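Residue numbers (our numbering): 9 to 179. Step one of this worksheet: look at the structure below.
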């Protein structure tokens with residue numbers, strides 16, 4: 009019998025598809041990595057798991073902890089998916105410009121969603137990043153991944169996406 013211990017085992021190893029109409033007039037093979045086939049339907053599943061596992065290793069995220077992040081949706085979904093499996097709470101801050109579908113998806117994964125005005129300027133208290141930072145400071149046992157500067161974000165692609173592409177294209 010073959011099965012995965014959790015949905016997290018399904019992240020990565022996405023197929024490549026040849027884009028036959030993209031190479032007209034050039035001698036190249038153009039391929040697309042089908043990251044939409046990850047469980048959360050995006051490449052952000054990889055970084056969600058990567059940032060959470062890095063925080064666990066570093067002792068920044070402990071059992072029963074809360075993940076607080078500013079997101080437009082996809083990174084939040086990647087984080088929420090991994091958090092749901094690992095038993096963490098999540099609070100995501102989004103602007104009122106973010107799609108209702110992404111907000112609903114986050115809530116379906118068990119996250120709380122805080123909506124801020126898109127008109128709030130960066131650095132002001134109502135900006136979605138400032139709001140997430142404030143909530144993280146006010147929430148005991150919380151972890152603020154800061155997707156925009158977290159080293160585990162690009163590291164996920166060095167460890168997984170890059171080697172997968174190399175292997176799939178036979179170097």
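Ideal Cβ positions, reconstructed from N, Cα and C, are used throughout, including at glycine. Small disclaimer: the values here were computed from a predicted structure and weren't measured.
Rounded distance between the beta-carbons of residue j and residue i, thought under 8 Å
{"i": "residue 88", "j": "residue 63", "result": "Actually they are not in contact, since the Cβ atoms of residue 88 and residue 63 sit about 15 Å apart, beyond 8 Å."}
{"i": "residue 55", "j": "residue 140", "result": "At roughly 16 Å, the Cβ-Cβ gap does not stay under 8 Å, so residue 55 and residue 140 are not in contact."}
{"i": "residue 44", "j": "residue 38", "result": "About 17 Å; that fails the 8 Å criterion."}
{"i": "residue 172", "j": "residue 21", "result": "6 Å"}
{"i": "residue 57", "j": "residue 150", "result": "Not quite, the Cβ-Cβ distance comes to about 19 Å (not below 8 Å), so this is no contact."}
{"i": "residue 9", "j": "residue 161", "result": "With 8 Å as the limit, residue 9 and residue 161 do not qualify as a contact, their Cβ atoms being about 35 Å apart."}
{"i": "residue 78", "j": "residue 11", "result": "So it is not a contact: roughly 35 Å between Cβ atoms."}
{"i": "residue 106", "j": "residue 80", "result": "5 Å"}
{"i": "residue 24", "j": "residue 176", "result": "5 Å"}
Coarse secondary structure for residue i, derived from DSSP in three states
{"i": "residue 34", "result": "coil"}
{"i": "residue 102", "result": "strand"}
{"i": "residue 119", "result": "coil"}
{"i": "residue 75", "result": "strand"}
{"i": "residue 70", "result": "coil"}
{"i": "residue 157", "result": "coil"}
{"i": "residue 150", "result": "strand"}
{"i": "residue 15", "result": "helix"}
{"i": "residue 22", "result": "coil"}
{"i": "residue 89", "result": "helix"}
{"i": "residue 62", "result": "helix"}
{"i": "residue 41", "result": "strand"}
{"i": "residue 97", "result": "strand"}
{"i": "residue 177", "result": "coil"}
Own chain residues within Cβ distance below 7 Å of residue i, not counting five before or after
{"i": "residue 93", "result": "14, 15 and 16"}
{"i": "residue 53", "result": "19, 46, 47, 86 and 89"}
Residue i, buried or exposed, once every other Cβ within 10 Å from all chains shown has been counted against 16
{"i": "residue 104", "result": "exposed"}
{"i": "residue 130", "result": "exposed"}
{"i": "residue 34", "result": "exposed"}
Own chain partners of residue i with C-beta closer than 8 Å, once the 5 adjacent residues on each side are dropped
{"i": "residue 50", "result": "43, 44, 82, 85 and 86"}
{"i": "residue 147", "result": "74, 76 and 99"}
{"i": "residue 115", "result": "121"}
{"i": "residue 124", "result": "101, 102, 103, 104, 134, 135, 136 and 139"}
{"i": "residue 110", "result": "80, 81, 82, 84, 85 and 102"}
6 Å Cβ shell around residue i - same chain, five flanking residues per side excluded
{"i": "residue 27", "result": "38 and 40"}
{"i": "residue 91", "result": "75 and 98"}
{"i": "residue 126", "result": "103, 104 and 105"}
Closer than 8 Å: residue i CB and nearest the ligand PLP heavy atom
{"i": "residue 101", "result": "With respect to the ligand PLP, the structure shown offers nothing to examine, as it has no ligands at all."}
Legend entry - At least three beta-carbon pairs within less than 8 Å, the stretch 99-106 to the stretch 65-73: Too few Cβ pairs lie closer than 8 Å, so no.
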